[in-house]
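In the UniProt record's numbering, the protein residues as written are 1 to 263.
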């Protein structure tokens, strides 16, 4: 069995103790982190090394964005796509070398897109749509078993948010974002493992704003995803979200997802 996790940690250095707790309690073979908010030369390697995550691919930058894949399974860094076409650190891909040999694991942090769902008024929203368009062109050419994970910053289904009608004009759930993400899905026939194992309309949130969560309001959205190539999806045996991390001290606003594979 191969266990792969993904988590938008919202600063890996600030929450290094939480990452250590998660690795100790859940024991994934591979962990993909997003929004690490640290330049590569300042990444906190020591804890990962101590726990046996001796293989690491870091694509970081100072203070913002950034992704990291850490693993007990050997891998080779495979790619770093600049799907936003502006140099931001939002992707790293690896190819597993040990268990699961040949599996391509893509770790991505899709832009949030700002507050206004209009690319003319809000350039960040246009950048998000263009990022997805470049991903779609890439996905159309994939010919190997691939798992893409991370913070997609889009809740695609009506049941992926706490109030579909109220959020139709809110960035992360607008029709144009959902349609654009749908084109990415169709370009490779991706299987959404979150909904394969937790079928709609079951509750399956991965993000809550700090304000609503602390006020005990379950106003969540499913922004984090694990999508598999069709052949790989058939080898997935379990999937869950680890919501207890949201109740830890000074938590990330996202919770981890974990998928198990029989490879």
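Every residue gets a Cβ at the ideal spot worked out from N, C-alpha and C, and that includes glycine.
For the ligand FAD, is there any heavy atom lying closer than 7 angstroms to the beta carbon of residue 135? Summarising the ligand content, the structure contains no ligands, and the ligand FAD is consequently not present.
Give the secondary structure of residue 234 by DSSP, where H, G and I count as helix, E and B as strand, and everything else as coil. coil
For residue 89 and residue 175, I'd like the C-alpha separation in whole angstroms. 27 angstroms
Closer than 7 angstroms by C-beta to residue 28: which residues in its own chain qualify, once you throw out the five before and the five after it? Chain order, please. 3, 4, 5 and 258
Spatial neighbours of residue 128 in its chain, beta-carbon cut-off 6 angstroms, leaving aside the 5 residues before and after: 111 and 113
Beta-carbon within less than 7 angstroms of residue 62's beta-carbon, same chain only, minus the 5 sequence neighbours each way: which residues are those? 39
Got a sec? Which residues, its chain only, sit under 6 angstroms from residue 246 by beta carbon, not counting five neighbours each side? 255
Does the pairing of the stretch 197-214 with the stretch 116-135 give three or more beta-carbon distances under 8 angstroms? no
Note down, in chain order, each residue of its chain lying with its Cβ closer than 8 angstroms to the Cβ of residue 91, except the 5 sequence neighbours on either side. 59, 67, 79, 80, 81, 82, 83, 106, 107, 108 and 109
Extent of the continuous alpha helix (DSSP H) to which residue 49 belongs: 45-50
Which ranges does the beta strand (DSSP E) cover as unbroken runs of at least 3 residues, wholly within the stretch 24-74, from first to last along the chain? 30-34, 55-59 and 67-71
What alpha helix (DSSP H) runs, 4 residues minimum, are completely inside the stretch 93-156? 123-139
What number of angstroms, rounded off, separates the C-alpha of residue 11 from the C-alpha of residue 31? 15 angstroms
N- and C-terminal bounds of the alpha helix (DSSP H) containing residue 5: No alpha helix (DSSP H) contains residue 5, which is instead part of the beta strand (DSSP E) from 2-8.
Would you mind working out which of 34, 168, 209 and 57 sits nearest residue 267, comparing C-alpha positions? There is simply no residue 267 to check, as the chain begins at 1 and stops at 263 in what is shown.
Do you know how far the Cα of residue 188 is from the Cα of residue 137? 10 angstroms
What does DSSP give as the partner residue(s) for residue 270 in the beta ladder? Outside the shown range of the chain, which is 1 to 263, sits residue 270, and nothing can be said about it.
How many Å lie between residue 260 and residue 238 at the Cα? 5 angstroms
How big is the Cα-Cα spacing for residue 144 and residue 230? 10 angstroms
Please list, in chain order, all residues of the same chain as residue 195 whose beta carbon is under 8 angstroms from its beta carbon, the five residues on each side excluded. 157 and 204
Reference residue 102, options 134, 242 and 147, closest by Cα: 147
Residues near residue 26 in its chain [Cβ-Cβ closer than 7 angstroms; skip 5 each side]: 5, 242 and 258
By alpha-carbon positions, which one of 153, 184, 76 and 185 ends up nearest to residue 170? 153
Taking 6 angstroms as the limit between beta carbons, can you name the residues of its chain near residue 240, skipping five residues before and five after? 258
Spatial neighbours of residue 134 in its chain, beta-carbon cut-off 6 angstroms, leaving aside the 5 residues before and after: 83
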